[in-house]
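Shown next, in structure tokens, is the structure this report addresses.
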Amino acid sequence: LLCDSLEAAVEGQSPESFDQAKTLRGGGKLQLKSGQFTDDDSTALCLAIALLGSETDNAVIHPSTVQMNLYRR
């Protein structure tokens with residue numbers, strides 16, 4: 001998640017702008033705040049939560065169902 005937040009400020013830009021990715025500066029084409037999650041981060045977090053929390057009350061819930069419910073929030 002940290003690497004994606006660092007990269008967000010220079011995504012789609014020329015390699016010359018990569019010095020900007022050394023700190024959590026925010027901005028970029030998505031105009032994110034410093035350290036703010038990107039859509040890639042949100043997707044990864046939803047998937048991780050779905051895979052780790054797919055068993056409740058001794059009944060197995062399919063991870064894709066859990067993941068879809070998280071996306072809908």
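Mapping to the working numbering: the sequence shown position 28 is 28, numbers consecutive. The beta-carbon is built from N, C-alpha and C at its ideal position, and this holds for glycine as well. Because the structure is a prediction, the values reported are computed rather than measured.
Would you kindly report the start and end of the unbroken alpha helix (DSSP H) that includes residue i?
| i | result |
| --- | --- |
| Ser42 | Asp39 to Leu52 |
Compute the beta-carbon to beta-carbon distance between residue i and residue j, rounded to the nearest angstrom, for a pair I have assumed lies under 8 Å.
| i | j | result |
| --- | --- | --- |
| Leu70 | Ala50 | 6 Å |
Excluding five sequence neighbours on each side, which residues of the same chain lie with their C-beta closer than 8 Å to the C-beta of residue i?
| i | result |
| --- | --- |
| Asp81 | Since the first residue of the chain shown is 1 and the last is 73, residue 81 is not available in this structure. |
| Ser14 | none |
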